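See structure below.
Number of protein chains: 2
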Amino acid sequence: MEVSEIDEEREDLVQRVANALSANHGASTGEIAAAADVSRATLHRVFGSREDLVATVYGWLLEQCDRIFDGSGIDQAPVLEAFDRLVEGSYPIAQSYWMLIAKPELDNVPEFQQGMADQDSRLEKFFARGQAEGVFRPDMSPRWLAYSLGGQIMSAWYLVEDGYAGALEVPRLVRAAVIEGVLARPGG
Amino acid sequence: MEVSEIDEEREDLVQRVANALSANHGASTGEIAAAADVSRATLHRVFGSREDLVATVYGWLLEQCDRIFDGSGIDQAPVLEAFDRLVEGSYPIAQSYWMLIAKPELDNVPEFQQGMADQDSRLEKFFARGQAEGVFRPDMSPRWLAYSLGGQIMSAWYLVEDGYAGALEVPRLVRAAVIEGVLARPGG
DNA sequence: GGTCTATGAGACAAATCTGTCTTATTCGAT
DNA sequence: ATCGAATAAGACAGATTTGTCTCATAGACC
Numbered sequence: 633m634e635v636s637e638i639d640e641e642r643e644d645l646v647q648r649v650a651n652a653l654s655a656n657h658g659a660s661t662g663e664i665a666a667a668a669d670v671s672r673a674t675l676h677r678v679f680g681s682r683e684d685l686v687a688t689v690y691g692w693l694l695e696q697c698d699r700i701f702d703g704s705g706i707d708q709a710p711v712l713e714a715f716d717r718l719v720e721g722s723y724p725i726a727q728s729y730w731m732l733i734a735k736p737e738l739d740n741v742p743e744f745q746q747g748m749a750d751q752d753s754r755l756e757k758f759f760a761r762g763q764a765e766g767v768f769r770p771d772m773s774p775r776w777l778a779y780s781l782g783g784q785i786m787s788a789w790y791l792v793e794d795g796y797a798g799a800l801e802v803p804r805l806v807r808a809a810v811i812e813g814v815l816a817r818p819g820g
Numbered sequence: 633m634e635v636s637e638i639d640e641e642r643e644d645l646v647q648r649v650a651n652a653l654s655a656n657h658g659a660s661t662g663e664i665a666a667a668a669d670v671s672r673a674t675l676h677r678v679f680g681s682r683e684d685l686v687a688t689v690y691g692w693l694l695e696q697c698d699r700i701f702d703g704s705g706i707d708q709a710p711v712l713e714a715f716d717r718l719v720e721g722s723y724p725i726a727q728s729y730w731m732l733i734a735k736p737e738l739d740n741v742p743e744f745q746q747g748m749a750d751q752d753s754r755l756e757k758f759f760a761r762g763q764a765e766g767v768f769r770p771d772m773s774p775r776w777l778a779y780s781l782g783g784q785i786m787s788a789w790y791l792v793e794d795g796y797a798g799a800l801e802v803p804r805l806v807r808a809a810v811i812e813g814v815l816a817r818p819g820g
């Protein structure tokens, strides 16, 4: 058994646990284990206590977010191209990431507070860059634009979850709604 | 003690319990009681079991939503006027209402499923009406526009919660972001 | 085949949560 | 001042959850 396979299995497990926790924040270790398709004993062997498990999942989500931001070229790629890649990349973990925001379980863990603040700042800088380049309107704070995008991606996740759109439509829908707005335009 | 005062106190209590549950979905009755500033005994006397308590809060939130929709003139008022009142009215309960969406606790209670489906449909109809009147762009489904607005209001709630905007700015911010979009326009 | 490792199943005590009760206190009304 | 209703505080048993342990099984590797 190779090391990379171990890692892959472990990451798959973390992913499944994250999904289980996202779907039901207060799930017991028994429910999490069932949803992740492992025994409760294995869950404890791998992650330790429930608190450790949650911390591991949170840390993993923050790492995922970092990778998605990196991969989208958020810091240097042309703004509108990065925007599309950002939406496409972050949409799958939208619900899980929202759990980070909504859950106060780890409010007293400075590491996670800092990690989330860093993600927020990075997205805020992206919109500030877009404004400086004249792409985004300058009369709303980059912070609000960042929050707004996050909410749209979350909404798109639920739209797909509820069966009203396909996953492949998400980038188009979010782009149209966020970038262009919902107003009908005589000019097209 | 008059009846109306009893009702007011009860409703205040429900409000505080809703806030406590919104801030921490998995809160124990002890935590909820502490957050609502009553004893755990009173909580049980008033609401019954924990499950009954959650059901009461959920029902109350759905009623609130109905009242806000009614008050905004969602079904008949001029679209853009209703839009502003909708945002302004629903913003305070945004986080609480999101709890309804995110929590599967009452998935097996048809009453709540129906109530939420009704709210969704009502908001969807609003956007369909706006499209029919030529106010909203017709190339995105009303369902997506409804979800999108919900996400924006949620984002605005967090923006205020985190101290990056004042409550009074919310209608303007949401209106600008949703209606007009974030793109800079040569035409202003 | 034999061995080693990881896992699932189940049991178990400790901790936590829930629902109920009793008692004392507070507050308003008379 | 006294009464009565509502509450807070605390105790309590039962249920649930958690963390740990043991044992049996399945699969990888020699």
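Heads up: the protein sequence lines correspond to chains R and P, in order.
Numbering of the first sequence is given in the working numbering, commencing with residue 633 and proceeding in unit increments.
Numbering of the second sequence is given in the working numbering, commencing with residue 633 and proceeding in unit increments.
Think of the CB as a built atom: it goes at the ideal place given N, C-alpha and C, for glycine as much as any other residue.
It should be emphasised that the depicted structure is a prediction, and the values quoted were computed from it without experimental measurement.
| Asked | Found |
| --- | --- |
| Euclidean distance between Cα positions of I700(R) and K757(P) | 36 Å |
| CA nearest to the CA of D752(P), picked from Y790(R), Q745(R), G813(R), P724(R) | Y790(R) |
| Cβ-based contacts, 8 Å cut-off: residues of the segment 690-709 of chain R near chain P | none |
| Interface partners of A673(R) on chain P, CB under 9 Å | Within chain P, no residue comes near A673(R); the closest Cβ sits about 23 Å away, beyond 9 Å. |
| Beta carbon proximity, E663(R) to chain P, threshold 8 Å | no |
| Identity of the residue in T674(P), K735(P), V802(P) nearest E641(P) by Cα | T674(P) |
| P803(R), buried or exposed, once every other Cβ within 10 Å from all chains shown has been counted against 16 | buried |
| Residue burial classification, A650(R) (beta-carbon count within 10 angstroms, cutoff 16) | buried |
| Test: I733(R) CB closer than 8 Å to a CB of chain P | yes |
| Interface partners of V767(R) on chain P, CB under 8 Å | L815, A816 |
| Buried/exposed call for A778(R), threshold 16 Cβ in 10 Å | buried |
| At least 3 beta-carbon pairs within less than 8 Å: the segment 738-749 of chain P vs the segment 768-782 of chain R | no |
| Where G782(P) meets chain R, residues with beta-carbon distance less than 7 Å | S787 |
| C-beta contact flag for V719(R) and R807(R) at 8 Å | yes |
| Chain R contact residues for E812(P), given Cβ-Cβ distances below 7 Å | G813, L815 |
| Close beta carbons around R672(R), own chain, < 8 Å, minus the five adjacent residues each side | T661, G662, A665 |
| Whole-Å CB distance - S654(P) paired with Q727(P), under 8 Å assumed | 5 Å |
| Between the CA atoms of W730(R) and W776(R) - distance to the nearest angstrom | 16 Å |
| Test: L791(R) CB closer than 8 Å to a CB of chain P | yes |
| Contact set for R648(R): own chain, Cβ-Cβ below 6 Å, skip 5 residues either direction | A668 |
| 8 Å contact criterion, which A809(P) and M772(R) should meet: CB distance rounded | 7 Å |
| Under 8 Å from the C-beta of S773(P): neighbouring residues of chain R | Y796, A797 |
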